[in-house]
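Protein chains in written order, with the numbering used here: chain A, 1 to 198; chain B, 199 to 667. Cβ atoms here follow ideal geometry from the backbone N, Cα and C, with glycine treated the same way. Quick caveat: nothing in here was measured; it's all calculated off a predicted structure. Here the structure is laid out as structure tokens; the discussion comes afterwards.
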Ligand code: SF4
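Quick look at the structure:
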């Protein structure tokens with residue numbers, strides 16, 4: 001499914017300074033029973049967000065109205081564990097378009113790029129600066145500039161560059177996806193398949 | 199430039215690259231694609247909305263496992279949402295001509311158990327599935343890894359996926375493992391040393407005497423857990439053990455095709471002098487039965503040790519305290535003697551026949567502890583059949599255990615097999631994340647022997663104390 005183009009995103013951010021946020025926390029398995037990809041945002045971080053009786057847990061950041069925005073800032077090793085793309089769908093469906101961390105699990109990073117969420121990997125020191133900036137002012141804005149590959153804390157002007165390969169960057173800025181690309185090279189694939197021993 | 203010696207991983211990867219994108223991913227041809235009911239429906243919806251076909255339906259295999267009940271499988275599935283997912287898989291498989299081993303099929307079972315036991319998984323292949331434990335198939339010298347649903351759609355429509363080539367790591371374990379130490383302990387030990395993110399960005403080759411001496415099932419247990427140290431996958435070079443395991447299985451090559459394949463498979467090993475981006479060395483003698491005390495698989499320790507102090511954990515103190523708080527444990531405590539409420543043996547990590555043999559070796563002539571609820575779940579119908587034929591079922595029954603029907607079950611608690619909040623489970627599965635086995639459930643990962651010892655004593659117990667000299 002092609003998705004929205006991503007170029008420059010300016011937004012406040014939601015801080016979640018927890019390490020090893022795994023995809024079972026992002027969306028627990030019991031909510032994976034749908035056969036469609038929408039509606040998962042309601043159950044994003046379900047067990048951290050709601051009590052067993054479905055009342056919101058007051059101390060969880062998504063229930064704190066002072067924090068909002070399209071950027072989620074997580075601790076080290078974000079998105080580990082299960083390959084469920086539902087985790088990325090839930091983050092997208094909730095309204096985030098960018099996740100910032102000092103380290104991402106591989107499958108989560110791929111899944112995010114494939115559906116139009118930009119994973120921005122920053123240094124541990126810069127991550128710390130972001131957390132401190134949000135702590136000082138929950139409304140503080142970050143600017144994620146994909147063409148320039150930079151992330152900036154607007155209040156202080158502090159900025160850092162991030163990595164993304166040229167191919168994925170081109171896809172994200174244009175809203176293309178891999179399936180479009182692969183469909184255009186079917187002959188080449190068929191020729192390869194003809195030589196396979198399997 | 200002279201050709202530098204190749205690793206096993208390079209050989210398999212490079213031979214599957216259909217095209218390289220400059221400053222982008224490689225386009226990798228996929229030999230085998232497994233699908234199940236949870237991560238495939240949206241991929242099929244995607245195909246439909248783009249009006250695409252499945253390019254090579256004979257290279258994809260469907261089985262229902264994640265969301266299936268483990269009792270009364272002959273009855274209609276009660277939960278309407280689960281039933282709907284199972285139906286969607288059946289309909290999609292039928293519509294696109296994909297072989298489907300659904301609920302009730304004698305070949306049905308957990309995807310990573312079924313693939314190898316039917317000879318679908320072969321050395322030198324590229325194998326993907328919308329499930330992170332696809333790394334299991336690496337035990338055969340295949341490149342196997344988990345993918346997301348968008349990638350499932352890619353593979354269905356083009357038999358390819360796009361992947362940047364990961365870095366290479368080799369993990370060597372030499373020496374002989376001691377009595378009561380299983381492949382699960384070996385891999386939990388490695389993860390505890392590397393941490394849950396210690397291999398992120400890498401593809402791992404496991405090498406050394408310990409893996410050379412290991413059975414295929416043991417190798418599958420090890421490769422299965424490579425994802426739990428963050429690795430893209432793990433693999434072990436195929437050898438006689440591998441070839442003997444495959445020979446004669448239903449989908450394995452036969453006759454001249456076998457000879458041709460075998461000649462190729464024998465070339466699949468890392469050459470002397472090949473280099474890795476990172477290499478680790480461990481000694482078998484340092485490994486004892488393992489158990490986890492926290493909420494990621496890297497938080498494991500030898501069963502006779504004490505829970506490490508926060509500063510020794512490598513992570514932040516706040517995350518460490520959150521984790522121990524969830525488990526109700528404290529720094530520097532012993533785990534031995536802690537009460538156990540549930541025991542789960544099964545999953546694609548430890549749901550094969552050798553695991554049930556190990557479990558039975560401890561519970562034989564003993565009784566299940568009264569307060570323990572035990573879920574004994576074979577990985578497939580074929581395993582279930584073996585359990586019956588080998589007399590293991592009789593041992594289990596005499597000890598007060600019941601055998602359930604195959605499926606993922608309490609590994610991810612998507613069906614009714616959920617550990618209640620606050621309860622302690624010793625589980626042979628692969629993840630101890632918060633709520634993984636049910637909201638509020640507290641999971642301790644361990645081997646089938648440790649699980650058996652907990653089941654009969656009702657507390658965390660070193661299985662070596664229950665084993666004959
Ligand atoms: S047993 Fe667990 S890890 Fe294995 S395929 Fe099923 S849910 Fe995934």
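- Taking 7 Å as the cut-off between beta carbons, the residues of the region 625-648 of chain B near chain A are 629, 631, 632, 633, 634, 637, in sequence order.
- Between residue 497/B and residue 511/B, the alpha-carbon positions lie close to 8 Å from each other.
- Cβ neighbours of residue 214/B within its own chain (closer than 7 Å, five residues either side excluded): 226, 227, 324.
- Taking 8 Å as the cut-off, the C-beta of residue 628/B counts as close to a heavy atom of ligand 1.
- Annotation for residue 115/A: the continuous alpha helix (DSSP H) segment containing it runs 106-115.
- With a 10 Å radius around the Cβ and a threshold of 16 neighbouring Cβ atoms, residue 547/B comes out buried.
- Across the structure, residue 330/B and residue 457/B are spaced so that their CA atoms are roughly 32 Å apart.
- Contact between the region 523-533 of chain B and the region 379-389 of chain B is absent: fewer than three C-beta pairs spanning the two stretches fall below 8 Å.
- Closest option to residue 478/B, judged by alpha-carbon separation, among 391/B, 316/B, 489/B, 514/B: 391/B.
- Looking at the DSSP output, residue 642/B bridges to 624/B.
- Against chain B, a Cβ distance below 7 Å from residue 128/A picks out nothing, because the smallest value is about 11 Å.
- Nearest to residue 593/B by C-alpha distance, out of 555/B, 630/B, 622/B, 619/B, is 555/B.
- Between residue 370/B and residue 470/B, the alpha-carbon positions lie close to 14 Å from each other.
- Shortest gap from the CB of residue 544/B to any heavy atom of ligand 1: under 8 Å.
- Remark: the shortest separation between the CB of residue 424/B and any heavy atom of ligand 1 does not fall under 8 Å.
- Between ligand 1 and the CB of residue 609/B, the shortest heavy atom gap is smaller than 8 Å.
- Contact annotation: the region 159-174 of chain A does not touch the region 339-354 of chain B, with fewer than three C-beta pairs closer than 8 Å.
- When secondary structure is reduced to three states using DSSP, residue 297/B falls in the strand class.
- When the alpha-carbon of residue 5/A is set against those of 158/A, 180/A, 107/A, 117/A, the nearest one is in 117/A.
- The C-beta distance from residue 366/B to residue 205/B rounds to 6 Å, short enough to fall under 8 Å.
- Among the residues of chain B, none has a CB under 8 Å from the CB of residue 174/A; the nearest is roughly 14 Å distant.
- With a threshold of 9 Å between beta carbons, residue 563/B makes no contact with chain A.
- Rounded to the nearest whole angstrom, the C-alpha separation of residue 239/B and residue 286/B is 7 Å.
- At a Cβ-Cβ threshold of 9 Å, residue 490/B and residue 608/B do not count as neighbours.
- Beta-carbon to beta-carbon, residue 24/A and residue 633/B are separated by about 6 Å, close enough to satisfy the 8 Å threshold.
- For residue 572/B, the closest Cβ of chain A is not nearer than 9 Å.
- Considering only 624/B, 569/B, 639/B, 543/B, the residue with the shortest C-alpha distance to residue 602/B is 543/B.
- Apart from the 5 residues on each side of it in sequence, residue 610/B sits with its Cβ closer than 7 Å to the Cβ of 264, 634 in its chain, given in chain order.
- Counting along the chain, the unbroken alpha helix (DSSP H) around residue 170/A starts and ends at 166-174.
- Here the C-alpha atom of residue 15/A lies approximately 40 Å from the C-alpha atom of residue 276/B.
- Near chain A, meaning a CB-to-CB distance below 7 Å, no residue of the region 438-457 of chain B qualifies.
- Within the region 341-373 of chain B, 343, 344, 345, 346, 347, 348, 349, 350, 351, 352, 355, 356, 357, 358, 359, 360, 361, 362, 364 place their CB atoms closer than 9 Å to a CB of chain A, listed in sequence order.
- Placement of the Cβ of residue 308/B at a distance of less than 8 Å from at least one heavy atom of ligand 1 is found.
- For residue 151/A, DSSP records a beta bridge to 144/A, 160/A.
- At least one CB of chain B lies nearer than 9 Å to the CB of residue 183/A.
- In the three-state reduction of the DSSP assignment, residue 24/A falls in the helix class.
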